[in-house]
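Residue numbers (the UniProt record's numbering): 166 to 501.
For glycine and all other residues, C-beta sits at the position ideal for the given N, C-alpha and C.
Bear in mind that the values here come from a model prediction, so they are computed numbers and not experimental data.
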Amino acid sequence: FQINMGQLQLDEELGKGNYGTVKKVLHRPTNVHMAMKEIQLELSPAKLDGIIMELDILHRAVSPEIVEFYGAFTIESCVYYCMEYMDAGSLDKVLGIKTTAQGGGWEGELGEGAPEDVLGRIAANMVRGLKFLKDNLQIMHRDVKPTNVLVNRKGQIKLCDFGVSGQLDNSIAKTNIGCQTYFAPERIQGTTTGTDVQEAFNTYTVSSDVWSLGLSIIEIAMGRYPYPPETYSNVFAQLQAIVHGEPPELPEVKGTTDADPLEVHFSEEARDWVRCCLIKDPTRRATYAELLQHPFLIADSQREVNMVAWVAGALGRRQLQAQIRAQLVANEPVSV
Ligand code: ATP
Ligand code: MG
166 FQINMGQLQL DEELGKGNYG TVKKVLHRPT NVHMAMKEIQ LELSPAKLDG IIMELDILHR
226 AVSPEIVEFY GAFTIESCVY YCMEYMDAGS LDKVLGIKTT AQGGGWEGEL GEGAPEDVLG
286 RIAANMVRGL KFLKDNLQIM HRDVKPTNVL VNRKGQIKLC DFGVSGQLDN SIAKTNIGCQ
346 TYFAPERIQG TTTGTDVQEA FNTYTVSSDV WSLGLSIIEI AMGRYPYPPE TYSNVFAQLQ
406 AIVHGEPPEL PEVKGTTDAD PLEVHFSEEA RDWVRCCLIK DPTRRATYAE LLQHPFLIAD
466 SQREVNMVAW VAGALGRRQL QAQIRAQLVA NEPVSV
């Protein structure tokens with residue numbers, strides 16, 4: 166069936182990205198809650214129709230690790246895109262990580278980081294989702310990062326926002342690039358001397374997604390973007406660190422967190438898995454098959470992980486944080 170705006174009851178805003186707004190909606194004919202993304206584009210009706218046609222292949226992207234696509238339509242110069250509503254939101258929100266796009270990114274605003282068993286489950290789901298896109302749809306994701314990994318209260322982890330439409334990708338102005346980039350070194354070139362960041366982004370292959378995956382896994386483990394905070398507000402410093410610096414690593418000891426006052430360690434298996442993703446030479450980087458066969462993910466497949474409890478716990482801690490913050494802002498004594 167075809168979805169149109171008339172069938173939708175608009176509910177609350179779920180979030181804002183660099184290119185659009187996502188709202189929760191109710192599809193009245195089926196009584197299904199959906200997430201609707203609005204992307205404003207200055208394009209001719211013919212070009213917009215082309216994008217809607219390209220998005221159609223998303224109907225074939227049916228997999229437990231991929232957010233379901235329900236349909237897309239245009240109104241004037243906007244593309245509306247309806248997908249499965251994930252009731253715990255994106256991983257950055259679940260973990261309490263503030264991204265620069267949300268006005269965060271300052272020091273001190275750290276998220277909580279996932280324990281190793283949860284990390285393994287998230288990594289396994291991400292790899293399976295990426296492998297599915299590559300093997301079944303012959304596409305790469307192009308935008309792997311924690312905000313594009315969605316979670317629900319059933320404990321499911323799914324990918325969204327992959328680059329299915331070349332026309333859509335080309336039409337979106339890549340203006341906000343930089344703040345925290347997940348681009349692999351080979352996607353960045355000549356940026357250290359150039360002044361035009363737009364021009365600096367280059368060709369890349371499937372293995373570029375593997376780099377972004379590794380970087381995302383460190384962020385999910387640590388509750389913060391892996392490159393130093395000094396680079397958040399300096400695009401060139403950050404790109405330089407990615408191209409010329411040593412790749413970030415998953416540390417052996419994470420230290421303590423509010424959620425886990427005991428010292429948290431990461432296993433050598435987990436650390437090696439991340440290392441295999443973050444090899445600077447794209448031809449030597451691990452493939453999805455190798456990542457699935459790695460001891461870190463073999464261990465994941467052999468243990469039970471209570472993702473439902475983890476999601477519920479993390480969301481509870483976020484709610485508590487929000488409550489305390491609201492009381493501080495209102496200048497009331499904090500009581501929880
Ligand atoms: P970018 O614009 O760089 O892709 P982003 O991924 O944060 O950044 P959006 O894709 O526009 O931006 O999403 C905005 C926010 O909306 C996300 O961070 C997420 O919290 C929320 N969101 C997106 N899709 C869904 C969904 N299907 N279900 C629930 N929440 C969602
Ligand atoms: Mg997104």
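With distances taken Cα to Cα, identify the nearest neighbour of residue i among the options.
i: Gln-303; options: Ile-322, Val-329, Arg-286, Asn-313; result: Val-329
i: Ala-474; options: Asp-374, Lys-319, Leu-275, Ile-383; result: Lys-319
i: Leu-298; options: Tyr-453, Tyr-397, Arg-193; result: Tyr-453
i: Ala-402; options: Asp-176, Arg-440, Pro-229, Thr-346; result: Thr-346
i: Ala-479; options: Gly-254, Pro-394, Asp-446; result: Gly-254
i: Val-375; options: Gly-388, Gly-294, Gln-321, Met-387; result: Gly-294
i: Ile-168; options: Lys-258, Thr-239, Gln-458; result: Thr-239
Looking only at its chain, what residues have a beta carbon closer than 8 Å to the beta carbon of residue i, apart from the 5 residues adjacent to it on each side?
i: Arg-225; result: Asn-301, Leu-302
i: Val-470; result: Asp-282, Val-283, Gly-285, Arg-286
i: Asp-334; result: Arg-307, Gly-328
For the beta strand (DSSP E) containing residue i, name the first residue and the last one.
i: Leu-324; result: 322-324
i: Phe-297; result: Run containing Phe-297: none in the beta strand (DSSP E); it sits in the alpha helix (DSSP H), 281-302.
i: Lys-419; result: 418-420
i: Asp-176; result: 173-181
i: Ile-217; result: Careful: Ile-217 lies outside any beta strand (DSSP E), inside the alpha helix (DSSP H) at 210-220.
i: Glu-428; result: Note, Glu-428: premise wrong, no beta strand (DSSP E); not H, not E.
i: Ile-407; result: Segment 400-409 is the alpha helix (DSSP H) holding Ile-407; no beta strand (DSSP E) there.
i: Ala-253; result: No beta strand (DSSP E) holds Ala-253; DSSP gives it neither H nor E.
i: Gly-276; result: Premise fails: Gly-276 is in no beta strand (DSSP E) and is neither H nor E.
i: Leu-315; result: 314-316
i: Phe-238; result: 234-240
Any heavy atom of ligand 2 within a distance shorter than 6 Å of the CB on residue i?
i: Gly-254; result: no
i: Asn-183; result: no
i: Asp-257; result: no
i: Thr-186; result: no
i: Asp-326; result: yes
i: Thr-452; result: no
i: Asn-290; result: no
Quick one: residues in its chain with C-beta nearer than 6 Å to the C-beta of residue i, no 5 flanking neighbours on either side, listed in chain order?
i: residue 503; result: Since the first and last residues shown for the chain are 166 and 501, residue 503 lies out of range.
i: Tyr-246; result: Lys-202, Ala-237
i: Gln-205; result: Cys-243
i: residue 505; result: The structure shown does not extend to residue 505, since the chain is modelled only from 166 to 501, so the question has no answer here.
i: Val-187; result: Leu-179, Gly-180, Ala-200, Lys-202
i: Ser-372; result: Pro-447, Arg-450
i: Pro-229; result: none
i: Ala-349; result: Ser-373, Trp-376
i: Met-305; result: Val-371, Asp-374
i: Tyr-184; result: Ile-204, Ile-337
i: His-430; result: Val-418
Mind checking which residues open and close the alpha helix (DSSP H) that includes residue i?
i: Ile-385; result: 371-387
i: Asp-435; result: For clarity, residue 435 is Ala in the given sequence; the question names Asp instead. First-last of the alpha helix (DSSP H) with Ala-435: 433-442.
i: Leu-333; result: 331-336
Report all residues from its chain with a CB closer than 7 Å to the CB of residue i; omit the five preceding and five following residues, and keep chain order.
i: Leu-250; result: The sequence given here places Tyr at residue 250; Leu does not occur at that position. Closer than 7 Å at the Cβ level, and outside the excluded window around Tyr-250, lie Lys-189, His-198, Met-199, Ala-200.
i: Glu-434; result: Pro-460, Phe-461, Ala-464
i: Cys-325; result: Val-232, Met-248, Asn-313, Leu-315
i: Gln-172; result: His-192, Arg-193, Pro-194
i: Ile-222; result: Leu-302, Val-329
Identify whether residue i lies in helix, strand or coil by the three-state DSSP scheme.
i: Gln-492; result: helix
i: His-459; result: coil
i: Ala-451; result: coil
i: Val-227; result: coil
i: Thr-195; result: coil
i: Gln-486; result: helix
i: Met-305; result: coil
i: Thr-396; result: helix
i: Lys-477; result: Per the sequence shown, the amino acid found at residue 477 is Ala instead of Lys. DSSP places Ala-477 in helix when its eight states are reduced to three.
i: Glu-203; result: strand
i: Lys-188; result: strand
i: Val-259; result: helix
Examine ligand 1 and report whether any of its heavy atoms sits within less than 6 Å of the Cβ of residue i.
i: Val-309; result: no
i: Asn-317; result: no
i: Ala-237; result: no
i: Thr-346; result: no
i: Tyr-397; result: no
i: Tyr-245; result: no
i: Leu-191; result: no
With a threshold of 7 Å between beta-carbons, can residue i be considered close to chain B, or not?
i: Leu-179; result: Here chain B cannot be found, since the structure has a single protein chain.
Given 6 Å as the limit, tell me if residue i has its C-beta closer than that to any heavy atom belonging to ligand 3.
i: Asp-334; result: No copy of ligand 3 occurs in the structure displayed; its ligands are ligand 1 and ligand 2 alone.
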